[in-house]
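Take a look at the structure below.
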């Protein structure tokens, strides 16, 4: 019976064999470096891909809490702000330092990685401090706590001198690259999928389905929820750090409640619990403003185009959510992944693809 249970659990993990081991990392790194080299002379493509990458990191990391664990956090922009400002301050402190035994470009990437880790760890610590007491709450109460945290961070930044107050923090070295953003996109997706297919992930799914029943079966619900919250916060901090290193200036207006809701929309649109759904929704909603700008240009609307996009973007989000809730409440993918919805006529020979 134990053998049968083990096999069944492995098959239900939903993690293809290609996502296990170190092979994905070895394959991803050269591909990212080649892509970065090809796009180096295209600033707009670099910026657009970086925005998409940051949104994917935010959506996939929030999906660990909102999707897999079934909690409702709406303060993700607060953790992003912690990572952005801490990573920015770290980079400013190391601005004139270089590793003499490495080329300048490589040295810059090393210090960028250090800054991102500082921002990510600071955000994870905030996630632990916020999550430990608040994750004993459920439903709407947790949403109110995370919302309050995001607003507290924004107000603190607005009134802190060395963080630039309302004017923002400028002068951060613009050392982010498509390769670095792509690496963390790859890392957060890999972590999310491996969590989903592990015993830890099964505990998170149990909490999502019925927290009382999971606790009755011996699952430490608070501990698992806090760990999921810390992992999610870490990647939100890293996304904020990346964001701070490819925009000219970061200010409190970049991390408002609206920003948190944009990330929630990405998770809900893709499907609560689906990693690939979060990726697809994040890419689509990141490209939507550019599509609207192109549309306005085609109709000859010049001048205040950015203002028109900002005014129309949120109503469009709202209409899409209303249409989705009426036609497909579970989101585009539900809790399924891309390889679960591949048409039956495509051969499925890889382990884990049923």
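Numbering (my numbering), first residue to last: 1222 to 1575.
Positions of the beta carbon are idealized from the N, C-alpha and C atoms, including for glycine.
Close Cβ partners of residue i (< 8 Å) along its chain, the five nearest in sequence each way excluded
{"i": "residue 1363", "result": "1292, 1293, 1294, 1355, 1356"}
{"i": "residue 1482", "result": "1295"}
{"i": "residue 1361", "result": "1293"}
{"i": "residue 1440", "result": "1424, 1427, 1428"}
Secondary structure of residue i, DSSP reduced to three states
{"i": "residue 1425", "result": "helix"}
{"i": "residue 1475", "result": "helix"}
{"i": "residue 1534", "result": "helix"}
{"i": "residue 1363", "result": "helix"}
{"i": "residue 1458", "result": "helix"}
{"i": "residue 1544", "result": "helix"}
{"i": "residue 1313", "result": "helix"}
{"i": "residue 1319", "result": "coil"}
{"i": "residue 1275", "result": "helix"}
{"i": "residue 1436", "result": "helix"}
{"i": "residue 1329", "result": "helix"}
{"i": "residue 1398", "result": "coil"}
{"i": "residue 1557", "result": "coil"}
{"i": "residue 1293", "result": "coil"}
{"i": "residue 1379", "result": "helix"}
Inter-residue spacing [alpha-carbon to alpha-carbon] between residue i and residue j
{"i": "residue 1311", "j": "residue 1462", "result": "10 Å"}
{"i": "residue 1282", "j": "residue 1300", "result": "11 Å"}
{"i": "residue 1475", "j": "residue 1298", "result": "8 Å"}
{"i": "residue 1375", "j": "residue 1465", "result": "15 Å"}
{"i": "residue 1390", "j": "residue 1433", "result": "45 Å"}
{"i": "residue 1556", "j": "residue 1409", "result": "18 Å"}
{"i": "residue 1316", "j": "residue 1397", "result": "14 Å"}
{"i": "residue 1325", "j": "residue 1338", "result": "20 Å"}
{"i": "residue 1436", "j": "residue 1448", "result": "16 Å"}
{"i": "residue 1513", "j": "residue 1539", "result": "15 Å"}
{"i": "residue 1536", "j": "residue 1543", "result": "10 Å"}
{"i": "residue 1381", "j": "residue 1516", "result": "40 Å"}
{"i": "residue 1372", "j": "residue 1358", "result": "19 Å"}
One or two residues paired with residue i in a DSSP bridge
{"i": "residue 1391", "result": "1470"}
Beta-carbon proximity of residue i to residue j, cut-off 7 Å
{"i": "residue 1287", "j": "residue 1507", "result": "no"}
{"i": "residue 1306", "j": "residue 1250", "result": "no"}
{"i": "residue 1501", "j": "residue 1491", "result": "yes"}
{"i": "residue 1458", "j": "residue 1331", "result": "no"}
{"i": "residue 1503", "j": "residue 1343", "result": "no"}
{"i": "residue 1290", "j": "residue 1493", "result": "no"}
{"i": "residue 1553", "j": "residue 1498", "result": "yes"}
{"i": "residue 1267", "j": "residue 1399", "result": "yes"}
{"i": "residue 1254", "j": "residue 1404", "result": "no"}
{"i": "residue 1320", "j": "residue 1328", "result": "yes"}
{"i": "residue 1510", "j": "residue 1534", "result": "yes"}
{"i": "residue 1271", "j": "residue 1485", "result": "no"}
Contacting residues, own chain, Cβ-Cβ under 6 Å from residue i (five flanking each side not counted)
{"i": "residue 1387", "result": "1379"}
{"i": "residue 1454", "result": "1300, 1344, 1345, 1348"}
{"i": "residue 1257", "result": "1398, 1399, 1400"}
{"i": "residue 1472", "result": "1389"}
7 Å Cβ shell around residue i - same chain, five flanking residues per side excluded
{"i": "residue 1406", "result": "1274, 1277, 1278"}
{"i": "residue 1450", "result": "1286, 1348, 1352, 1356"}
{"i": "residue 1558", "result": "1235, 1495, 1496, 1497"}
{"i": "residue 1313", "result": "1392, 1393"}
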